[in-house]
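My numbering runs 5 ahead of the 1-based position in the sequence shown. Virtual Cβ for every residue (Gly too), placed ideally from N, Cα, C. Written below as structure tokens is the structure these notes are about.
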Amino acid sequence: MADPRQADSFRMEGWQVSADGASVRFDYTCARYGAFSEIVTFTATDLALEARLDRGLAGLLDLLQVALGVSYYKCAAARRLLLPLTRISSELHQLATALYGDGLAELYVRNGLYQSHELEIVASDKDSAPYPEQVAQTHSLDGQALVAWGGGKDSYVADAIARRAGLTAQRCAVVMSDKVEAAIQRTSEMPVLFLRRHLDPKLRDVNAADALNGHVPITAINALMLVILGRLSGAQSVIFANERSADEPTIRQDGIVANHQYSKSSNFENIMRDAIGTADPLAPAYFSVLRPYSEIWIAEKFSALQEAFPRFTSCNQNFRITGAEPPRWCGACAKCAFTSLMLAPHLSLEQARTIFPDNFLERENLLPLYRELCGLTDSKPWDCVGTINECRATVYRLSLSSPWRATRAVRALIPQILALHDTATLETFWQDGMGVADRHFVPDTMMKAAHDL
């Protein structure tokens, strides 16, 4: 039965490059809420997009339009999605299906739409503009790698691998406000290259008027923006820091499977790579350099990067578009709980105090979140966190070492974990976490660099 909150259709109207060639406007029409427009600014380059447009670059902008659309589509979760092309490749269709299906599964679950939502994806009735096969390019970043930078431990490890491999790595981030830009820059000791999304102000109004709202597959948007920047600047690689732990669903219950990190998953990376390659054979290589590794492995490697301890943060409170300036760690969210747990086996108490304001594993308010992380409740946190087995193995590891075994979280959790697994199984979980998975697109040179890190 149709949900009255849903619209009949959501149409992608196409995109237009600005007169100065630095920005692109993407237009949409929702049958319930009307027109939306978003502007993306490639502030990191002095290159005029209009003069650079060829078939491949236009194809990448078409992909970006599809990805950006989730932010507006979610307001009414329309039953019919009209893509901006008269001819849809199988790769583009698969990308759209992934973004508006599994990519929005959390939205559907948390708004009670998961079981009833059906989506029809159709081509537009508008012909796209013709573009030349290839335009001569002027490259400013030949041979460089663009490294997606979020300011957390994963970003630092990915960046370290790229540099160990001998690449000239440029840290890049996509932001939506000056506040977030400043917060991300504070996490880096070197300049970060920023790209800017200008959301339609109308989005805030319709959300205030009780439109459907929730998480969107933001990593897909960021990836495509960096790929386009790489195409414009001549960078050879666009490197993300999505680990294999992102493959685990947040909830799997009564036929419902939803993953908060779907756009960070290996399945989506594969779909995205196919869509990019089909749209533009000249696009830079896009891959996650941490795909073979677990959060356990990443935490160990990060623990050697002590210069990052006073700067990095994984707390999402730092990246809110508006509001008062938060502390580097709020000490009350799933990301604070998860980061403090994963790093603990690799740190002394003194080292931990150089990162966190106090010992988070002693905080009573975080105990419910530690239980969720360890799968001792109905669902993992709806956040970018590691797998249940990684968290259980880490608590077990802490129970073997002083002084961590005496902390409130370890004392509270270890009896429940040992009731589910014997010590040999927990040790196997830990060793698996230190191993390397086969499913990835990481070049051999970077695999070697990761091994040597």
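| Asked | Found |
| --- | --- |
| Same chain only: Cβ atoms within 7 Å of Asn370, ignoring 5 sequence neighbours per side | Ala337 |
| Beta-carbon spacing of Ala101, Gln11 below 8 Å | no |
| Cβ-Cβ distance between Tyr77 and Leu229 below 8 Å | no |
| Nearest-angstrom beta carbon gap, Glu367 and Arg413 [assumed within contact, 8 Å] | 5 Å |
| Runs of alpha helix (DSSP H) lying entirely within the region 191–258, each at least 4 residues, in chain order | 207–213 and 223–238 |
| Among Phe273, Lys269, Val114 and Ala170, the one whose alpha carbon lies nearest that of Asp259 | Val114 |
| Option in Thr91, Glu355, Val162 and Ser14 with minimal Cα separation from Asp457 | Val162 |
| Straight-line Cα distance separating Leu73 from His220 | 13 Å |
| Proximity to Ser270 [Cα-Cα], best of Pro350, Tyr291, Arg236 and Arg296 | Arg296 |
| Continuous alpha helix (DSSP H) assignments of at least 4 residues falling wholly in the region 317–364 | 339–348 and 354–358 |
| Which listed residue (Val441, His351, Tyr375 and Thr48) has its alpha carbon closest to that of Glu186 | Thr48 |
| CB of Ser299 within 8 Å of CB of Arg249, strictly | yes |
| Inter-residue Cα distance where the pair is Leu204 and Ile301 | 36 Å |
| For Phe41, three-class secondary structure by DSSP | strand |
| Residue range of the alpha helix (DSSP H) that includes Ser404 | Ile393 to Ser404 |
| Contacts around Thr34, its chain only, beta-carbon distance under 7 Å, and the 5 residues preceding and following it disregarded | Arg16, Glu18 and Ala40 |
| Beta carbon of Gln190 nearer than 8 Å to that of Val197 | yes |
| 8 Å contact criterion, which Leu478 and Tyr105 should meet: CB distance rounded | With the chain covering only 6 through 458, there is no way to say anything about residue 478. |
| Chain C contact for Asp383 (CB, 8 Å cutoff) | Among the chains in the structure shown there is no chain C, since it carries only a single protein chain. |
| Range covered by the beta strand (DSSP E) that runs through Thr34 | Ser28 to Cys35 |
| Nearest neighbour of Gln356, chosen from Phe199, Ala251 and Phe307 [CA to CA] | Phe307 |
| Residues near Ala288 by beta carbon distance below 8 Å, same chain, minus five either side | Gly61, Leu65, Val232, Gly235, Arg236, Ile281 and Gly282 |
| Cut-off 8 Å between Cβ atoms - residues of its own chain near Gly108, not counting five sequence neighbours on either side | Val75, Val221, Pro222, Ala225, Tyr267, Ser268 and Phe273 |
| Closest residue to Ile276 among Ala216, Ala103, Ser121 and Ala24 (Cα-Cα distance) | Ala103 |
| Complete alpha helix (DSSP H) runs within the region 103–167 (minimum length 4 residues, chain order) | 110–115 |
| Three-state secondary structure assigned by DSSP to Phe292 | strand |
| Runs of alpha helix (DSSP H) lying entirely within the region 44–101, each at least 4 residues, in chain order | 54–57, 60–73 and 75–78 |
| Nearest neighbour of Ala150, chosen from Leu172, Asn323, Met452 and Asp383 [CA to CA] | Leu172 |
| First through last residue of the beta strand (DSSP E) which encompasses Gly19 | Phe15 to Val22 |
| Whole-angstrom distance between Ser238 and Phe4, CA atom to CA atom | Residue 4 lies beyond the residue range present for the chain, which begins at 6 and ends at 458; the question has no answer from this structure. |
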